[in-house]
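Here is the structure we will look at.
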Amino acid sequence: MLDEASAFDRAMMARALELAAEARDAGEVPVGAVVVRNGRILAQAYNLREALRDPTAHAERLALSWAGRAIGSWRLEGCILYVTLEPCAMCAGAIVLSRVARVVYGATDPKAGACESLYRLTSDPRLNHRPVITSGVLAEDCGEILRGFFQERRSYRKLISRPLPKTSGSNPLPCGAGLDDLEREGCLSG
Ligand SMILES: [Zn+2]
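Heads up, the sequence shown is in this note's numbering, so the first residue is 2 and it goes up one at a time.
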């Protein structure tokens, strides 16, 4: 839990958060991930589902794949995965397969989390690998960036789905009002 989190864990999660912010700026759901071994970053990634048009392009899955390439082996023994959001079932599966020693995540995901929330895949004794899990590191910031992203997206959707003002005749503006009048009346503001 949080008090176990070392300064190093927080520093790595802060890096994952920076990656999440890059994802947000690129229009992707803001999740970031970093893989570390011996105090060195091997791979880092953010969610790229939209850019790659790939439903599996979650931040931590990409980071695990790239870490494997970085060390020339799929066995990520001795590695630590830092990710801003609790991994989903797919990523929890990838974590078990990768044999990472430890997973540190920020916000919990009550809707899809598969480490502790919906499923406990990473601690299932029937599977052949169980990494140590640390949760709640910078959880507030990790959750906030996601909330902000979805809130903004909802208000944008509301704005573009708003019906156009009724027009009469060939005049594109209601009641013959000029654009300036509408702006003054607050009709065109968000
Ligand atoms: Zn995932």
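C-beta: ideal position from N, C-alpha, C; glycine also.
Query, Result
"Of all residues in the structure, which have a C-beta closer than 7 Å to any heavy atom of ligand 1, taken in chain order?", "His59, Glu61, Arg62, Pro88, Cys89, Met91, Cys92"
"Take Cys89 and list the residues in its own chain whose beta-carbon comes closer than 6 Å to its own, dropping the five residues that flank it on each side.", "Ala113, Ala115"
"Can the beta-carbon of Gln45 be found closer than 9 Å to that of Leu20?", "yes"
"Near Gly69, what residues of its chain come up, given a Cβ to Cβ distance below 6 Å and the 5 sequence neighbours on each side ignored?", "Trp75"
"Report, in whole angstroms, the separation of the C-beta atoms of Val32 and Ala64, which I expect to be a contact under 8 Å.", "The pair is not a contact, with the Cβ atoms about 10 Å apart (cut-off 8 Å)."
"Are the region 97-107 and the region 130-142 in contact at 8 Å, needing three or more beta carbon pairs?", "yes"
"Beta-carbon separation of Val97 and Leu77 under 9 Å?", "no"
"Could you spell out the range, first to last residue, of the beta strand (DSSP E) harbouring Ser136?", "133-136"
"Hey, out of Lys159, Ser162, Glu153, Arg163, whose CA is closest to Gly28's CA?", "Glu153"
"Per DSSP, Cys80 is paired with what?", "Arg38"
"If we ignore side chains and look at the alpha-carbon of each, how far apart do Arg41 and Ile146 end up?", "26 Å"
"Leaving out five residues on either side along the sequence, give the residues of the same chain with a beta carbon under 6 Å from the beta carbon of Thr109.", "Glu87, Ser118"
"Evaluate Asp26 with the Cβ neighbour count: other Cβ atoms within 10 Å of its Cβ, from every protein chain shown; 16 or more gives buried, anything less gives exposed.", "exposed"
"Applying the 10 Å Cβ sphere with the 16-neighbour rule, what's the burial state of Phe9?", "exposed"
"Name the DSSP bridge partner or partners of Ala140?", "Answer is none; Ala140 lacks a bridge partner."
"Pick helix, strand or coil for Arg11, following the three-state DSSP scheme.", "helix"
"At which residues does the beta strand (DSSP E) containing Gly94 begin and terminate?", "Looking at the DSSP string, Gly94 is not in any beta strand (DSSP E); the run it does join, the alpha helix (DSSP H), is 90-99."
"When DSSP labels each residue in this structure, what does Ala102 get in the three-state scheme?", "coil"
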